[in-house]
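Asks: Quick one: structure below, then a few questions.
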Amino acid sequence: MRLFVTPASPWVRRVRVAILELGIEGRFEFVQTKWSHDWATRAVEHRPEFLEATPVVRIPALVTSGFTLTDSHSICDYLNGEHGGFRLLAREGMSRWHALADMSIACGIIEAHIARRAELLRSEDERSDDFIGKMKDRELRCFAALEKRVPHFGATFDLAQITTAVACGYESWRYGEEWRGVAPKLAAWFDGVAQRPSMTATEPAETPQA
Ligand SMILES: N[C@@H](CCC(=O)N[C@@H](CS)C(=O)NCC(=O)O)C(=O)O
Numbered sequence: 000m001r002l003f004v005t006p007a008s009p010w011v012r013r014v015r016v017a018i019l020e021l022g023i024e025g026r027f028e029f030v031q032t033k034w035s036h037d038w039a040t041r042a043v044e045h046r047p048e049f050l051e052a053t054p055v056v057r058i059p060a061l062v063t064s065g066f067t068l069t070d071s072h073s074i075c076d077y078l079n080g081e082h083g084g085f086r087l088l089a090r091e092g093m094s095r096w097h098a099l100a101d102m103s104i105a106c107g108i109i110e111a112h113i114a115r116r117a118e119l120l121r122s123e124d125e126r127s128d129d130f131i132g133k134m135k136d137r138e139l140r141c142f143a144a145l146e147k148r149v150p151h152f153g154a155t156f157d158l159a160q161i162t163t164a165v166a167c168g169y170e171s172w173r174y175g176e177e178w179r180g181v182a183p184k185l186a187a188w189f190d191g192v193a194q195r196p197s198m199t200a201t202e203p204a205e206t207p208q209a
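Residue 17 in numbering that gives the first Met the number 0 sits at position 18 of the sequence shown, with consecutive numbering throughout.
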């Protein structure tokens, strides 16, 4: 299977961490994509193999022998169901819904991260500080909500925890440590899980420029 990636993307990172947690990295070829900083506002050049793989032209994208999955949600679902025996997210029942409740908050943070990043990549005269502030408010509000969930986190580093850890890691890397002030228990939890081999192997780094 071929997985299109970059080292900066939190959506890619949650997939890569899930793969490492399941111990199935040997089944994948990781294909690096390059992006010019213009990606936020215009269609940028890509290698033909990436354009042929995904009409969405976003990462992650997973090409299997039978089909292509073009977002992290469907890829995580596939990894968990077909390659993970539902170890990272219960197939059914209350534990599934609690995990999805936490994961949807963490995904809300990551969506805000990328929207804020795209806005910051605009030229200064086009950029909206109001929009950037709105995204930051959402991030901090969601971190404060996850703070209340920490006592309920289970022993397994499951998809909800993976996504939460990726959200914490991206926030620290791109936007600094203010979030720790609204979510100190979450920050302490993150400092622990950040030492897992799946997390240290996938620490964010700048996207290679096209
Ligand atoms: N909902 C998608 C979001 C994927 C996404 O936004 N990826 C970003 C990188 S973090 C991207 O490829 N952006 C390029 C673009 O929008 O042109 C997922 O879960 O994978």
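In this text, a Cβ means the ideal position worked out from N, Cα and C, and glycines have one as well.
Do V16 and S197 have their C-beta atoms closer together than 8 Å?
Replies: Position 17 of the sequence shown, counting from 1, holds the residue named residue 16. Position 198 of the sequence shown, counting from 1, holds the residue named residue 197. Result yes, Cβ atoms of V16 and S197 sit closer than 8 Å.
Asks: Please list the terminal residues of the continuous alpha helix (DSSP H) segment that includes R15.
Replies: Looking up residue 15 in the sequence shown gives position 16. 9–21 is the span of the alpha helix (DSSP H), which, as asked, contains R15.
Asks: Ligand 1 heavy atoms versus the CB of P207: any closer than 7 Å?
Replies: In the sequence shown, the residue the question calls residue 207 occupies position 208. No, Cβ of P207 sits at least 7 Å from all heavy atoms of ligand 1.
Asks: From the DSSP output, in three-state form, read off L185 for me.
Replies: As a first step, residue 185 must be located in the sequence shown, where it is residue number 186. It is helical.
Asks: For G168, is the classification buried or exposed, using 16 other Cβ atoms within 10 angstroms of its Cβ as the cut-off for buried?
Replies: Within the sequence shown, numbered from 1, the residue matching residue 168 stands at position 169. With 16 or more Cβ atoms within 10 Å of its Cβ, G168 is classed as buried.
Asks: Return the CA-CA distance between F85 and E125, expressed in angstroms with no decimal places.
Replies: Within the sequence shown, the letter at position 86 stands for residue 85. Within the sequence shown, the letter at position 126 stands for residue 125. The alpha-carbon atoms of F85 and E125 are separated by roughly 45 Å.
Asks: What is the residue span of the alpha helix (DSSP H) that L119 lies within?
Replies: Numbered from its first residue, the sequence shown carries residue 119 at position 120. Here the alpha helix (DSSP H) through L119 covers 93–119.
Asks: Which residue comes first and which comes last in the alpha helix (DSSP H) that contains E138?
Replies: The residue given as residue 138 occupies position 139 in the sequence shown. 128–148 is the extent of the alpha helix (DSSP H) around E138.
Asks: CA-CA distance, L99 and G92?
Replies: To locate residue 99, count along the sequence shown from 1; it is residue 100. To locate residue 92, count along the sequence shown from 1; it is residue 93. Using only the alpha carbons, I get a separation of about 11 Å.
Asks: Tell me whether P183, by its Cβ, gets closer than 7 Å to a heavy atom of ligand 2.
Replies: Absent from the structure shown: ligand 2. Ligands present: ligand 1.
Asks: Between the Cα of V11 and those of L68, E44, V192, L119, spot the shortest distance and give me the residue it belongs to.
Replies: As a working mapping, residue 11 is identified with position 12 in the sequence shown. When each option's Cα is compared against that of V11, the closest is L68.
Asks: Report the residue from R140, D136, L158, L119 whose alpha carbon sits nearest the alpha carbon of R173.
Replies: As a first step, residue 173 is located in the sequence shown; it is residue number 174 there, counting from the start. R173 has its Cα closest to that of L119, out of R140, D136, L158, L119.
Asks: Could you tell me which residues DSSP puts in a beta bridge with T67?
Replies: Walking along the sequence shown from the start, residue 67 turns up at place 68. Paired residues: V62.
Asks: Kindly list the residues whose CB is nearer than 6 Å to the CB of A111, restricted to its own chain and excluding five residues on each side of it in sequence; keep chain order.
Replies: Here residue 111 refers to the residue found at position 112 of the sequence shown. Cβ within range, chain order: M134, R137, E138.
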